[in-house]
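Undergrad: Residue numbers (our numbering), protein chains in the order written: chain A, 1 to 229; chain B, 230 to 604; chain C, 605 to 982.
Mind having a look at this structure? Questions to follow.
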Amino acid sequence: MTLPDGQEQEAEGGAGEAPATPPSPEAAAEKPAAKAAAERPARPAKEAEPKEAPRVAPPAGSINETLAAAAPGVAMTAYMVPGTRGESVAVEVSRDDLVAVMTAARDDARLSLDYLRCLSGVDWQEEGLEVVYHLWSFSKFHALTVKTRVGYDDPTVPSVTALYPAADWHERETRDMFGINFAGHHNLVPLLLPDDMTDHFPLRKDNPLQEIEEWQGENLRDGAGEGEE
Amino acid sequence: MVLEQDHALEVVDMAINMGPQHPSTHGVFRMVLVVDGEKVVDVTPHIGYMHRGGEKLMEAMDFRQGIGFADRTEYLAQFSAELAYVMAVERLMGIEVPERAEYIRVILTEMNRLSSHFMFMGAFGIDSGLFGTSFTYAFREREALQDVFEEVSGDRLMYAYFRVGGLAWEVTDNFTQRVHEVLRGTQQGIRDLDDLMTHNEIFMARCQNIGAFTAKQAIANGMSGPLLRASGVNWDLRRDEPYSVYDRFKFQIPVGNYGDVYDRYLVRLEEMRQSVSIIEQALEQLPPEGPIVPEKMPRRLRTPPGEVYTKVESPRGEWGVYLVSKGGDKPYRMKMRSPSFCNLSALREMTIGQFLADAVMILGSMDIVLGCVDR
Amino acid sequence: MLLSAPSIDISQPAVSAGLGLFVITLLMTVGVAYATWYERKIVARIQQRLGPNRAGPFGLLQPIADMLKLLTKEDLRPATADPIAWEVAVFGIFVPAFLAFVAVPFTADWLIASLPLSLIYLLSVSGLSFIGFLMAGWGSDSKYALLGGMRAAAQLISYEIPLILAMVGLVMVTHSADVYAIILFQDKVPLIVWQPLGFLIFLTASIAELERQPFDIPTGESEVAGGVFIEFSGIRWSMFQLTSYVNMYVFSLLGAFVFLGGWEWPFGRDIGWGYQLLLTITKMSIFVVFYVWIRATLPRLRVDQLMTYAWKVLIPFALVQIFFNGLVIVYDLPDVFLLVTSGAGAVALVTLVYRSVRTTPRKPLQMFSSAEPARSVV
């Protein structure tokens, strides 16, 4: 829902798209939002847009080649991802190679990726659950993003806390939110969620947002909120 | 007559619970300290009292609504959070922000850094036992800064002033004069706080050699910002991975040597002075007229599919936004890499072996904001 | 040099003593309530704010408002509190403070009881209060209270010793343990001139005995959230607070009498009770102002630093003071030697504290310019 504000009118410079402006606040108060949306003219079909960004292979001599040399025998897909300015390399590896790749990333003298910036989980629905590691080197000043994907049936990823202590809380949070089990983590208890909430994974896409209020009422799923005190 | 002891005295470590309601935990944060007399043997931090499901909520908000939520996560350095978010969207959409908007963004972000560091000074003084004197000195200046923010954005704390592509609306006509006025008061406030605390023997005795962290430990634990710099790592995102127009200013970056609580305090104090200098340079270079949004601003903010990781040097450290988009006007995944979360994860390592009173000082020196720890 | 003090001229000594005690208690209660007003106003001004200014003109009715509120509060008692310890704790702290006023000579003629050992009486009675702290800490059945109680007991006992040793130095100089006689001793020169080191030790130790900043660890707000007092509310809490201010008055009066000359110096005994009272109050106020000022501006010491300071710094210096006093007395040296030795000791104490913290070599911050990108970060 776009909100009418002065900035929009200025930026348009009178492009005259009056029919597409959302209804006034009084009208919106009277009719439900769904009806109001239906009254707007249909947007031109934009379903032909690609759902994924085109993948650009990294230029020759990029960090992925060094990584391949440092961790031989590991299958990886490399492509460029944007940063604040410029771009950096992202590699996708399989879960079984993850520890080898991260060890090589940290210990190899050409890479020295000693800083784990961020560890996130992403729920790609049919394509599985993904864990994304953003690494940085304070001696070589280069970045690397490592990604690994697992399926819903076996959401286990080896933990990297032995390599990067910074991953400790990030992995706990990702487990809370996505249900990805980090094998080898020394203390995988809920961090942000209540201590007994180990069966719901809020950030997965099959947890819809609108129904979140229902969880706190009588519609609690069986067993939820009844963990040990 | 000699009394014989039948059994040795049992010595048990005491578990003390600090929080979630406690004067010095800086928000709803709970620490369980196991102490042996006065020495801390183990610390278990418990967070999540302020978890609002922010990342999930962001997936349901479009790119303009999300700015308001970014404020609420990092509620002491709001402009940094907003900046990271709008920069991520702009990067994905390929939007260029006009110069005037960039300069105003920098001015406001640096003023926000000042107000956040004033908050730190005030709260840190209270932690160290000052009866509230540092707090009132700091908040006097912070109120002046918030007055300017209110004039510009309409709100004292949750500004929601940055927009994708620039700013929401033009600043007030007397913006430059107001900022100059406020800066004079701010410099006096910094001097006052400096006189009150920096060379106070008791303060120094409470802060020096407490919670020392080496550079290697800091890097391994994912720390950033003043804590990283206090440990001796010469790294500041404004210089080393510049964003916005920071590469046009000349300023100094303070780096400590010992990584203890005193160094962190000194680094933040010095950063305040440098922020004043940056704001003055930005005011000089500010284009007097110009658009604040690009002319070809799309009406509906839809990003092409892709991902981006943008980062901003917030007063607490590196505030990062990992934005994954599958097309559309809402993020598919929006991960906020919050500096307080990463810094706080090292609390245990830093506090074990210190005294109970030092645990409070160490937590204070980390300058956490629970909004961004819990999101 | 032994002089005995005259009592108040009323027929029955017991009646006159009782009357005096009643008057003192009443005055002290009101005076202490207004000490809170004074402190809040001064601390507020130091903190760039106004302090109480709503209840009455200049907030002068604020203590009354506070008193009314505290008196009408519910008397909560933790279910698991030790019945005797928790009940008696308040009195254990409150009563010794008021007992001290028995031996305090407000003017040359106004005192309740003249004791030949009034200095020892004052010090010992004010030292009884630590039992009350222990009872409060233990009886509250709360970890925070227990911590606070232990810290309070440790602190109070530790700082009693330098306080008493400083007084011993005084007693050696004046050959009397009676506060009245010590005041009379100072008709030409106040004792602060002969015993500056003793004065410094007294000043520091008295702040510690009062448990005010920078020694307020037992009641450290930001750590143990009030320490011993957290399970007490309403009247009991107000009694704790009042006791703290009563003690402040007692120590201020003691300091005014034994170091600054009380009502005797500089005008002697013949100026009438009004001026004597004024002098007493003025000199007492100097101490009160000092205590309040320090409270607003200094952070808190840590427990181990506090203990170190008492045992490793103050006590040795107090013993040195006694040693030099002894030398002067035994060898019958002129009084100026007292000034020289004690003054040197005072300077040494200040220098020691200054140097031990300030001049530990510490590298200053390194400053890097934004124009040069980082090439080596670690």
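Cβ coordinates follow ideal geometry from the N, Cα and C atoms, glycine included.
#1: If you reduce the DSSP assignment to three classes, tell me which class W136(A) lands in.
#2: List, in chain order, every chain B residue whose beta-carbon is nearer than 8 angstroms to that of L969(C).
#3: For F972(C), which residues in chain B fall below 9 angstroms Cβ to Cβ?
#4: Does the Cβ-Cβ distance between T362(B) and L305(B) come in under 8 angstroms?
#5: For E171(A), count neighbouring C-beta atoms within 10 Å of its own C-beta (all shown protein chains included) and say buried if the count is 16 or more, exposed if not.
#6: Quick one: what does DSSP say Y551(B) is sitting in, helix, strand or coil?
#7: For a contact defined as C-beta to C-beta under 7 angstroms, what are the partners of E52(A) on chain B?
#8: From the DSSP secondary-structure annotation, give me the bridge partner or partners of V541(B).
#9: So which residues of chain B does H186(A) contact, with C-beta pairs closer than 7 angstroms?
#10: Under the DSSP definition of a beta bridge, which residues are partnered with S344(B)?
#11: Any C-beta of chain A within less than 7 angstroms: which residues of the stretch 432-460 of chain B qualify?
#12: What did DSSP end up calling G725(C) once you bin it into helix, strand or coil?
#13: To the nearest angstrom, report how far apart V793(C) and V619(C) are at their CA atoms.
#14: In this structure, how does DSSP classify K147(A) when only helix, strand and coil are distinguished?
#15: Restricting to runs no shorter than 4 residues, where is the alpha helix (DSSP H) found entirely within the stretch 683-753 of chain C?
#16: Indicate the three-state DSSP secondary structure (helix, strand or coil) for N657(C) in the structure shown.
#17: Please state whether DSSP places H605(B) in a helix, a strand or coil.
#18: Given this structure, state the Cα-to-Cα distance separating G295(B) from E311(B), to the nearest angstrom.
#19: Taking only three categories from DSSP, how would you classify V598(B)?
#20: Alpha carbon to alpha carbon, how far is F836(C) from P667(C)? Give it in angstroms, no decimals.
#21: Using the Cα positions of M80(A) and V89(A), report the straight-line distance between them to the nearest angstrom.
#22: Label G121(A) either buried or exposed according to how many other C-beta atoms from any shown protein chain fall within 10 Å of its C-beta, with 16 as the threshold for buried.
#23: Out of M387(B), H346(B), R334(B), which one is the CA nearest neighbour of G605(B)?
#24: Measuring alpha carbon to alpha carbon, tell me which of I591(B), T405(B), P517(B) ends up nearest Y491(B).
#25: If we call anything under 8 angstroms between Cβ atoms a contact, is S506(B) one with G485(B)?
#26: Count the other C-beta atoms from every protein chain shown that fall within 10 angstroms of the C-beta of H779(C), then say buried if there are 16 or more, exposed otherwise.
#27: Going by DSSP, which residues form a beta bridge with T77(A)?
#28: Would you kindly report the start and end of the unbroken alpha helix (DSSP H) that includes N246(B)?
#29: Distance check for P534(B) and K555(B), CA to CA, integer angstroms please.
#30: Determine contact between the stretch 329-349 of chain B and the stretch 106-117 of chain A, defined as no fewer than three beta-carbon pairs at a distance below 8 angstroms.
#31: Can you name the residues of chain B whose CB is closer than 8 angstroms to the CB of T77(A)?
#32: Please list, in chain order, the chain B residues whose beta carbon lies closer than 8 angstroms to that of A812(C).
#33: Starting from H280(B), find everything on chain A with Cβ-Cβ shorter than 8 angstroms and list it in chain order.
#34: For V335(B) and chain A, any beta-carbon pair shorter than 8 angstroms?
#35: Can you tell me which residues form a DSSP beta bridge with S973(C)?
#36: For the 8 angstroms Cβ check, are there 3 or more pairs between the stretch 877-885 of chain C and the stretch 792-812 of chain C?
TA: Checking against the coordinates, here is how it stands:
#1: strand
#2: P483, V484, G485, N486, D492, L495, V496, E499
#3: Those within 9 angstroms of F972(C) in chain B are N463, D465, R468, Q481, I482, P483, V484.
#4: no
#5: buried
#6: strand
#7: P534
#8: W548(B)
#9: Here the premise fails: no neighbours, minimum Cβ distance about 12 angstroms.
#10: Paired residues: none, contrary to the question.
#11: I448, A449, N450, G451
#12: Looking at the sequence itself, residue 725(C) is Tyr, so the reference to Gly does not match. Under the three-state reduction of DSSP, Y725(C) is assigned to helix.
#13: Their Cα atoms are separated by approximately 36 angstroms.
#14: strand
#15: The qualifying runs are 687-703, 722-730, 733-743.
#16: coil
#17: In the structure as shown, chain B begins at 230 and stops at 604. Residue 605(B) is therefore absent and cannot be evaluated.
#18: 9 angstroms
#19: coil
#20: Going from the Cα of P667(C) to the Cα of F836(C) covers about 19 angstroms.
#21: 5 angstroms
#22: buried
#23: Chain B is shown only over 230 to 604; residue 605(B) falls outside these bounds and no answer can be derived.
#24: I591(B)
#25: no
#26: Exposed, since its Cβ has fewer than 16 Cβ neighbours within 10 Å.
#27: E92(A)
#28: Run containing N246(B): none in the alpha helix (DSSP H); it sits in the beta strand (DSSP E), 243-247.
#29: 4 angstroms
#30: In short, these stretches do not touch, since the Cβ pair count stays below three.
#31: Within chain B, no residue comes near T77(A); the closest Cβ sits about 15 angstroms away, beyond 8 angstroms.
#32: Neighbours of A812(C) in chain B, taken as residues at a C-beta separation under 8 angstroms, are lacking, since the least C-beta distance is about 13 angstroms.
#33: L192, L193
#34: no
#35: Answer is Q481(B).
#36: no
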